[in-house]
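Data block below; observations after.
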Amino acid sequence: MNDDWWRNAVVYQVYPRSFADGNGDGVGDLPGARERLPYLAWLGVDAIWLSPFYTSPLHDGGYDVADYRDVDPRFGTLHDFDLLVRDAHELGIRVIVDIVPNHSSNEHPWFKEGRRDWYIFRDRPNDWESVFGGPAWTQVEDGQWYLHLFDPTQPDLNWENPAVRAEFRDILRFWLDRGVDGFRIDVAHGMIKADGLPDAGTNDGRQIEMLGRGRLPYFDQDGVHQIYREWRPILDEYGAIGVAEAWVESPQRLARYIGPDELHQAFNFDFLLADFDAKSFRAVIDKSLAEADLVGAPTTWVLSNHDKHRHVTRYGSLARAKAATLLMLALPGSAYLYNGEELGLDEVLDLPDELREDPAFKRTGESRDGCRVPIPWTEDAWTRPWLPIPARWMAITADKQEADPDSTLNFYREALRLRHELSGLLVWCEAPDGVLHFRRGRHHVFVNISEQDTPITGKVLLASGPLNAGALPPDTALWSAE
Ligand code: NOJ
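Residue numbers (the numbering used here): 37 to 518.
Here it is as structure tokens:
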């Protein structure tokens, strides 16, 4: 297999709990995901990224790990995992797994056994705030406090302790030995905290707003790079990749995570955060391509994931979402899809509060549950799904869409097929206000975010919606060839 596969791969994010249910208990699992691999091969993805399926009390959807070397019984067994990897590889699909090194669950034996030097315990808290709202410190019975940058059930690990480092190097090997092709590193910017844990200087609930903008004493500290320099030789030994989930203040800071002695890729969240507007898309694309040049590695693109409202809802319509998707899939670099986006699923905004599980919901009123609703494969694919599936999705189940050549699903499939033909540098062409037009080799890409129809050139290969007498209507994108 080609070592550079990740440079322009389409990676499909599987959120195991919601993807596919193999045993009918209402919770998605690894056998369910395995059964859907032929669908993913048919769709044309190059790799899957599995969100955590490890032993966990699921206080943060599995990003609270209680055993880094086992599968939670709700998701299956290690044997199920091995079968999934085997089948994926047979279908030519690579497998990336999540690794969650910044924090464990408070139900991890390390925490329960009271290994305080594996965590960050202090006699007094500082002013740091949890990303999920409220103080980042919780007091234990003897009066000490422990740090948790996320939920109190997710104590931060102490990466100054060499035993923690050695343990994670071993965890990497555990999964590499089982055949994984890479890791998505959760909170990759978080493991090292500023010396002496200095106050951030504000504790008015707004530290979170500085995420990705200013520097905080608990994120993006220089010391974190040493960890990746220790990991890289291990990844190289197995030909595996590392993808950073890092929220940092500038492309230059993000670039530091990538390179021949650190990680292969980092998520580029600016694209996901951009408004549906030609100027913002163009600015993000230019900035991201410049950043890619800086590190000699292509950037990543993502529009939806398990932490953000689905892009159909963010942009206000399926037409806009499909146009943005066609734009994303035409860009140089790799693209990450989130399970269900190929069906055109929207955000489920009206979940009853008592069913919401996101720990951030109680603290901030904001919840990520609406993008984690189980995937509607067929009208009766789920019995008692862990979150209710909206009735409106019954019209867009995967089986119905597979059979309909004009469905969103077949649109994604065609885009992934044609994407292989797109290569070469992106060159902008002159276009009316509100229209993006670029070339890659002999291919043209148009995105119309203006209020009028716009002319196009070339032979049409794929459009995100109907044309109007040969012109591209608003909120529509198109690929053509000379
Ligand atoms: C980022 C993950 O994507 C998110 O779901 C999780 O809550 C936090 N990291 C904490 O692990």
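Where is the CB? At the ideal position from N, CA and C, for every residue including glycine.
- Not one heavy atom of the ligand NOJ falls within 7 Å of the beta-carbon of G275.
- Nearest neighbour of L472 by Cα position, chosen from W515, I135, L452, G501, turns out to be W515.
- A distance below 8 Å separates the beta carbons of H184 and H139.
- Between E402 and the set V481, R356, D394, the nearest pair of CA atoms involves D394.
- Taking all protein chains in view, the Cβ of C407 is crowded by 16 or more other Cβ atoms within 10 Å, so the residue is classified as buried.
- Our two residues, V320 and D159, have alpha carbons roughly 44 Å apart in a direct line.
- Secondary structure note for D272: its alpha helix (DSSP H) is the uninterrupted segment 260 to 274.
- Fully enclosed alpha helix (DSSP H) runs of no fewer than 4 residues occupy 66 to 71, 73 to 79 of the stretch 53 to 105, in order along the chain.
- Rounded to the nearest whole angstrom, the CA to CA distance from P441 to F447 is 8 Å.
- Where T174 is concerned, the enclosing beta strand (DSSP E) starts and stops at 173 to 175.
- Counting only residues of its own chain and dropping the five nearest sequence neighbours on each side, L114 has a CB closer than 7 Å to the CB of D106, V107.
- Inclusion of F111 and L73 in the CB contact set at 8 Å is not warranted, their separation being larger than that value.
- Beta-bridge partners of Q301 (DSSP): V279.
- Per DSSP, A224 lies in no beta strand (DSSP E) and is assigned neither H nor E.
- The straight-line gap separating the alpha-carbon atoms of D258 and R43 is approximately 26 Å.
- Restricted to the stretch 432 to 490, the alpha helix (DSSP H) segments that are unbroken, complete and at least 4 residues in length are 434 to 438, 444 to 455, listed in chain order.
- Bridge pairing for H139: D192 [DSSP].
- Remark: the shortest separation between the CB of E165 and any heavy atom of the ligand NOJ does not fall under 7 Å.
- Looking at F157, W173, I156, the one whose alpha-carbon comes closest to that of W164 is W173.
- By the neighbour-count definition (other C-beta atoms within 10 Å, threshold 16), V331 is a buried residue.
- E245 is classed as exposed because its beta carbon has fewer than 16 other beta carbons within 10 Å across all chains shown.
- Here DSSP, grouped into helix, strand and coil, assigns D134 to strand.
- Judged by pairs of C-beta atoms under 8 Å, the stretch 358 to 374 touches the stretch 336 to 344, as three or more such pairs exist.
- In the three-state DSSP reduction, Y155 falls in the strand class (E or B).
- For V320, the secondary structure class from DSSP, reduced to helix, strand or coil, is helix.
- Spanning the alpha carbons of Q175 and W181 requires a straight line of approximately 4 Å.
- Ranked by Cα distance from D40, the first of R392, G218, F117, P491 is G218.
- Residues W154, L193, N194 of the same chain have their beta carbon placed closer than 8 Å to that of V200, with the five preceding and five following residues left out of the count.
- For E165, the pairing in a beta bridge is given by DSSP as P171.
- With respect to R346, E383 sits close: the two C-beta atoms are nearer than 8 Å.
- F303 is a Cβ neighbour of V279, given a cutoff of 8 Å.
- Per DSSP, the unbroken alpha helix (DSSP H) holding L354 starts and ends at 354 to 366.
- The Cβ neighbour count for L76, taken over all protein chains shown within 10 Å, is at least 16; the residue is labelled buried.
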